[in-house]
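As you go down the protein sequences, you meet chains V and H in turn. 39 is the number of the first residue of the first sequence in my numbering; add one for each residue after it. 39 is the number of the first residue of the second sequence in my numbering; add one for each residue after it.
Protein chains: 2
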Amino acid sequence: MYNATIIIKLKKGVLNPEGRTVLRALNHLGYDGVKDAKTFKCVELTLDGDNEEEVYNKVDDMCKKLLANPVIHDYEITLKKVE
Amino acid sequence: MYNATIIIKLKKGVLNPEGRTVLRALNHLGYDGVKDAKTFKCVELTLDGDNEEEVYNKVDDMCKKLLANPVIHDYEITLKKVE
Numbered sequence: 039m040y041n042a043t044i045i046i047k048l049k050k051g052v053l054n055p056e057g058r059t060v061l062r063a064l065n066h067l068g069y070d071g072v073k074d075a076k077t078f079k080c081v082e083l084t085l086d087g088d089n090e091e092e093v094y095n096k097v098d099d100m101c102k103k104l105l106a107n108p109v110i111h112d113y114e115i116t117l118k119k120v121e
Numbered sequence: 039m040y041n042a043t044i045i046i047k048l049k050k051g052v053l054n055p056e057g058r059t060v061l062r063a064l065n066h067l068g069y070d071g072v073k074d075a076k077t078f079k080c081v082e083l084t085l086d087g088d089n090e091e092e093v094y095n096k097v098d099d100m101c102k103k104l105l106a107n108p109v110i111h112d113y114e115i116t117l118k119k120v121e
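This is the structure:
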């Protein structure tokens with residue numbers, strides 16, 4: 039059994055309107071010290087498997103097919119073995 | 039200058055329909071080994087400040103006021119000093 043954490047970020051150069059909105063809202067609330075805000079998404083999966091490499095490849099496949107859009111997203115996979 | 043990463047998760051017991059949908063979609067795609075899927079959001083802020091405790095309190099304040107909903111969310115703040 040593995041826990042996979044997938045961090046899905048927008049690629050450099052892709053606009054992040056949600057982050058811009060957060061930044062503007064924080065500045066409006068008086069937090070002038072905030073210079074930049076970015077948002078990104080994470081998915082945590084629990085999945086069967088014994089071989090770390092196999093599990094990694096499977097999760098990578100899921101990212102390409104469903105979880106991320108390779109045109110605009112970069113993603114990072116972290117695996118942790120659990121009982 | 040600090041980089042603050044804020045991980046915003048739903049509290050235990052709060053339904054995560056997005057995660058359920060991801061789980062179902064992965065199972066439909068043939069990934070039967072996936073037993074659970076949870077999604078959560080992250081915000082990355084770049085903000086001025088020299089004193090770590092002060093910055094932490096400020097970010098905690100932002101979470102309470104804007105970034106998270108304390109009724110349904112738990113959040114985790116990680117600070118990293120940058121130049």
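Ideal Cβ positions, reconstructed from N, Cα and C, are used throughout, including at glycine.
Bounding residues of the beta strand (DSSP E) (the contiguous stretch that carries L61(H)): If you number the second sequence from 1, residue 61(H) lands on position 23. First-last for L61(H): 55 to 66, but that is the alpha helix (DSSP H), not the beta strand (DSSP E).
Which residues bound the alpha helix (DSSP H) around V52(V)? On the first sequence, residue 52(V) is found 14 positions in, with the first residue counted as 1. Neither: V52(V) is in no alpha helix (DSSP H) and is coded neither H nor E.
Can you find a CB in chain V that lies within less than 9 Å of the CB of D86(H)? Residue numbering aside, residue 86(H) sits at position 48 when the second sequence is read from its first letter. At least one chain V Cβ lies under 9 Å of D86(H).
Could you work out which residue in V97(H), Y69(H), K76(H), T77(H) is closest to D86(H) when comparing CA atoms only? As a working note, residue 86(H) is residue 48 in the second sequence. Nearest option by C-alpha distance: V97(H).
Taking three-plus beta-carbon pairs below 8 Å as touching, is the stretch 59 to 69 of chain V in contact with the stretch 41 to 61 of chain H? no
My parser needs the alpha helix (DSSP H) runs of 4 or more residues fully inside the stretch 80 to 115 of chain V; what are they? 90 to 100
Quick check: the Cα distance between L117(V) and E91(V), rounded to an integer number of angstroms? Along the first sequence, one-based indexing puts residue 117(V) at 79. Along the first sequence, one-based indexing puts residue 91(V) at 53. When rounded, the distance between both Cα atoms is 10 Å.
Is I110(H) close to chain V, meaning its C-beta is less than 9 Å from at least one C-beta of that chain? To locate residue 110(H), count along the second sequence from 1; it is residue 72. Answer no: the Cβ-Cβ gap between I110(H) and chain V never drops below 9 Å.
Compare the C-beta of A106(H) against all C-beta atoms of chain V and say whether one is closer than 9 Å. Here residue 106(H) corresponds to residue number 68 of the second sequence, with the count starting at 1. A106(H) does not count as touching chain V.
For V72(H), which residues does DSSP report across the bridge? Residue numbering aside, residue 72(H) sits at position 34 when the second sequence is read from its first letter. The partner list for V72(H) (beta bridge, DSSP) reads L85(V).
What residues in its chain sit with their C-beta under 6 Å from that of C80(H), if we drop five residues either side in the sequence? By 1-based counting over the second sequence, the position of residue 80(H) is 42. I45, listed in sequence order.
Using a Cβ-Cβ cut-off of 8 Å (strictly less than) and excluding sequence neighbours within five positions of V93(H), which residues of its own chain qualify? The count along the second sequence starts at 1 and reaches residue 93(H) at position 55. These residues qualify, in order along the chain: Y40, A42, L85, G87, L117.
Members of the stretch 65 to 78 of chain H near chain V, C-beta cut-off 7 Å: L67, Y69, G71, V72, K73, D74, A75, K76, T77, F78
Classify L67(V): buried if its beta carbon has 16 or more other beta carbons within 10 angstroms, exposed otherwise. Position 29 of the first sequence, counted from the first residue, corresponds to residue 67(V). It counts as exposed.
Compute the distance between the beta-carbons of A75(H) and E121(V), then report whether it is under 9 Å. In the second sequence, counting from the first residue as 1, residue 75(H) sits at position 37. In the first sequence, counting from the first residue as 1, residue 121(V) sits at position 83. Going by C-beta atoms, A75(H) is not nearer than 9 Å to E121(V).
Alpha carbons only, please: which of M100(V), G57(V), P55(V) is nearest the one belonging to G71(H)? Numbered from 1 along the second sequence, position 33 holds the residue referred to as residue 71(H). Closest by alpha carbon: M100(V).
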